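Residue numbers (the working numbering): 1 to 322. By construction, the Cβ of each residue, glycine as well, lies at the ideal position given by its N, Cα and C atoms. The structure displayed is predicted, hence computed values, not measured ones.
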Amino acid sequence: MGNKYVCMYMNHHGKPPEGNLTAWKEFILLGFADVPQLQWFLFGLFFAIYMIILLGNGTILVVTKVEPALQTPMYFFLGNFSFLEICYVSATLPRILVNLGTQRRTISLVACATQMCFILVLGAAECFFLAVMAYDRYVAICNPLQYPLVMNHKVCIQLVAASWINGIPFLVGQTYQIFSLPYCASNVINHFFCDISPILKLACGETFTIELMVYVAALLFVSAPFLLILISYIKIISTVLKLPSATSRAKAFSTCSSHLTVVVLFFGSGIITYLRPEASHSAETDKVLSLFYTVVTPMFNPMIYSLRNKDVIMALRRLLGK
1 MGNKYVCMYM
11 NHHGKPPEGN
21 LTAWKEFILL
31 GFADVPQLQW
41 FLFGLFFAIY
51 MIILLGNGTI
61 LVVTKVEPAL
71 QTPMYFFLGN
81 FSFLEICYVS
91 ATLPRILVNL
101 GTQRRTISLV
111 ACATQMCFIL
121 VLGAAECFFL
131 AVMAYDRYVA
141 ICNPLQYPLV
151 MNHKVCIQLV
161 AASWINGIPF
171 LVGQTYQIFS
181 LPYCASNVIN
191 HFFCDISPIL
201 KLACGETFTI
211 ELMVYVAALL
221 FVSAPFLLIL
231 ISYIKIISTV
241 LKLPSATSRA
251 KAFSTCSSHL
261 TVVVLFFGSG
271 IITYLRPEAS
281 HSAETDKVLS
291 LFYTVVTPMF
301 NPMIYSLRNK
311 DVIMALRRLL
321 GK
């Protein structure tokens with residue numbers, strides 16, 4: 001079955017059908033078809049990962065909502081972030097599992113566009129959430145006396161709402177632009193979900209303007225939040241190093257280390273994927289990198305935040321005790 005799709009992929013990379021610039025109404029997600037002997041192993045692996053992500057992030061979501069000791073801005077953001085992770089990974093993993101389990105790799109043009117739109121909007125929301133969480137730590141460490149005033153409940157809700165909806169108009173419009181192109185050279189996507197780069201490779205029309213807009217989107221929704229995080233941490237580190245007590249310094253760094261680990265994992269793979277030159281793109285590299293920001297980071301988030309956070313561990317023990 002896998003070899004059939006590999007052959008189709010090779011055969012379809014030819015010239016577009018003459019006089020028919022909208023030949024394809026559905027795509028084939030090649031995914032992991034090049035390793036047919038590993039299909040069921042990969043199904044089991046991704047199913048286990050999906051359950052871990054749902055259970056881990058779901059637990060953090062519940063514990064930050066019901067535990068009185070965790071009713072602070074930091075855990076309010078963490079709870080929302082965990083819910084976002086569940087939504088984000090649900091845009092890709094269920095489709096991967098269906099493709100691996102049934103070996104039916106077709107996806108309609110509308111479904112493909114919908115998947116891409118959700119991935120882009122939720123990915124942008126994750127970037128902004130990480131920036132908001134960095135700002136929260138900045139205010140808590142650099143302006144502790146002003147913290148309750150600056151990060152009041154109304155401000156927290158506004159920051160969360162802005163993170164969720166900020167990228168919607170631009171990224172929905174961008175998705176519409178991408179899928180308004182004629183797709184005729186091939187309908188085989190050499191990826192396991194509908195990502196921008198492998199989709200644009202199949203377009204027959206002029207793609208320069210859209211590729212330029214993709215870079216603009218990456219600068220706005222990836223680079224800008226990353227820059228805000230960088231500025232926040234420069235100020236945080238500068239403030240922490242001035243603290244007289246070694247214990248205070250260790251505690252301050254401890255509260256930031258979990259967030260910083262997630263930032264490096266998520267932004268590192270995302271920036272390399274979307275901002276490196278097109279000439280250096282390869283399908284296999286893109287697949288590996290996208291696994292990091294769509295699957296690996298959401299899986300490790302609960303572990304990173306709970307194992308290094310005494311408050312979360314204590315809250316989980318109390319919850320399990322009840």
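Quick one: what's got a C-beta closer than 7 Å to residue i's C-beta in the same chain, skipping five residues either side?
i, result
"P225", "C127, F128, L130, A131"
"C87", "L122"
"S163", "A125, F128, F129, V132"
"K310", "none"
"F179", "L109, A113"
"F83", "L61"
"G205", "L181, P182"
"M151", "P73, D136, V139"
Excluding sequence positions up to five away, which residues of its chain have a Cβ less than 6 Å from the Cβ of residue i?
i, result
"V312", "S306"
"I119", "A91"
"W24", "Y183, N187"
"F300", "none"
"G321", "none"
"M8", "Note that M8 has pLDDT 47, beneath the 50 cutoff, so the model's placement of it is unreliable and no number is given."
"F32", "L42"
"Y147", "V139, A140"
"H153", "none"
"F267", "F226"
"P144", "none"
"I165", "none"
"L70", "T64, A315"
Would residue i and residue j qualify as a contact pair, given that the criterion is a beta-carbon distance under 8 Å?
i, j, result
"F170", "C112", "no"
"I53", "E85", "yes"
"G167", "F221", "yes"
"Q174", "A217", "yes"
"V63", "L230", "no"
"L289", "T273", "yes"
"I304", "V262", "yes"
"I47", "L109", "Going by the sequence as given, residue 47 is Phe instead of Ile. Against a cut-off of 8 Å, the Cβ pair of L109 and F47 comes out as no contact."
"M213", "Q177", "yes"
"S269", "Y233", "no"
"Y135", "V89", "no"
"V240", "L265", "no"
"E67", "L319", "yes"
"G79", "L61", "yes"
Residue i bridges to which residues according to DSSP?
i, result
"V263", "Paired residue(s): none; V263 is not in a bridge."
"V188", "I28"
"V183", "In the sequence as displayed, the identity of residue 183 is Tyr instead of Val. Y183 is bridged to A203."
"S108", "E26"
Just to check my reading of the structure: residue i and residue j have Cβ atoms closer than 8 Å, yes? What is that Cβ distance to the nearest angstrom?
i, j, result
"N190", "P182", "19 Å between Cβ atoms; not a contact."
"T59", "P302", "7 Å"
"R105", "L29", "5 Å"
"V172", "C117", "6 Å"
Once the 5 residues before and after residue i are set aside, which same chain residues still bring their CB inside 8 Å of it?
i, result
"N20", "With a pLDDT of only 42 at N20, under the threshold of 50, the placement of this residue in the model should not be trusted, and no figure is reported."
"Q115", "A91, T92, R95, I107, F193, C194"
"C156", "P73, F76, F77"
Is residue i near the ligand ADP, judged by its Cβ being under 7 Å from some heavy atom?
i, result
"C184", "With respect to the ligand ADP, the structure offers nothing, as it holds no ligand at all."
Using a Cβ cut-off of 8 Å (strictly closer), state whether residue i contacts chain C.
i, result
"T102", "No chain C is present in this structure, which holds just one protein chain."
Inset, instruction - Could you tell me whether the stretch 284-296 touches the stretch 229-248, where touching means 3 or more Cβ pairs closer than 8 Å? - result: no
Legend entry - Any 3 or more C-beta pairs closer than 8 Å across the stretch 199-209 and the stretch 31-43: no
Legend entry - Inter-stretch contact at 8 Å, needing at least 3 Cβ pairs: the stretch 132-152 / the stretch 71-79: Yes: the two stretches touch, three or more of their Cβ pairs being nearer than 8 Å.
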